[in-house]
Structures are given as structure tokens and as C-alpha cells.
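Visitor:
Residue numbers (this note's numbering): 2 to 96.
1. Residue ranges of each alpha helix (DSSP H) run of no fewer than 4 residues wholly in the region 14-57, ordered along the chain?
2. Which one of 44, 22, 85 and 52 has the shortest CA to CA distance from residue 10?
3. Check for me: the alpha helix (DSSP H) holding residue 66 runs from which residue to which?
4. Report the three-state DSSP secondary structure of residue 82 (helix, strand or coil).
5. Quick one: Cα of residue 96 to Cα of residue 61, how far?
6. Would you mind working out which of 93, 89, 16 and 26 sits nearest residue 76, comparing C-alpha positions?
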């Protein structure tokens with residue numbers, strides 16, 4: 002299993018509703034992209050968030066499925082949405 006952790010620092014002009022809408026699109030990727038076995042999205046509970054107040058975790062079957070995720074057309078659409086609403090995005094993958 003590979004965990005794909007993404008930390009999001011939204012731009013100030015986007016509302017919580019707009020951010021949660023995009024996060025629901027992130028959750029929907031599990032239905033479209035093979036190899037995703039779990040997806041969790043939400044608000045950061047840590048006080049040490051350094052501005053990364055939202056994030057998500059995806060669990061992939063293996064590294065091959067993670068590598069196939071980035072170029073997948075469904076991911077490309079959601080990735081553009083995330084880039085539009087975020088000041089900073091940090092990815093972290095761990096086996």
C-alpha cells in the first residue's frame with residue numbers, strides 16, 4: 002500500500018464552501034481511477050498547519066497505481082481545480 006498525502010493552503014478569496022466542493026471532487030476520484038482503495042478529505046486539526054488548513058489522503062494498492070493516477074484524465078480535471086483555489090499544495094507519498 003502507498004499513502005498519498007496532500008496538504009492544501011487555500012487562497013484567501015475562496016470560501017469554505019468552494020473548497021469543500023473541490024474536496025468532494027477529490028473524493029469522487031476513487032470511483033474513476035483504478036487502484037485507489039481509500040480516500041479521506043477534510044480540515045486540518047493541527048494548530049501547526051502553517052496555512053495548510055485542508056488536505057486529503059488517498060491509499061493506493063501499489064506504486065504502479067499511484068504512478069498511473071497523475072496522468073489520468075479525471076485527476077487532471079481535479080488537479081486544475083486544486084491549483085486554481087490553492088496558494089500552496091504539498092504532496093507526500095509513503096509506503
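Just so it is clear, CB atoms sit at the ideal spot from N, CA and C, and this is done for glycine as well.
Predicted model only: the values in this text are computed from it and were never measured.
Guide: The structure says:
1. 17-33
2. Taking the first residue of the chain shown as 1, we reach residue 10 at position 9. Among 44, 22, 85 and 52, the Cα nearest to that of residue 10 is on 52.
3. As a first step, residue 66 must be located in the chain shown, where it is residue number 65. Unbroken alpha helix (DSSP H) run through residue 66: 64-70.
4. Taking the chain shown and counting its residues from 1, the one referred to as residue 82 is at position 81. Correct three-state label for residue 82: helix.
5. The residue labelled residue 96 in the question sits at position 95 within the chain shown. The residue labelled residue 61 in the question sits at position 60 within the chain shown. Cα to Cα, residue 96 sits roughly 10 Å from residue 61.
6. Taking the chain shown and counting its residues from 1, one reaches residue 76 at position 75. Minimum Cα distance to residue 76 is reached at 26.
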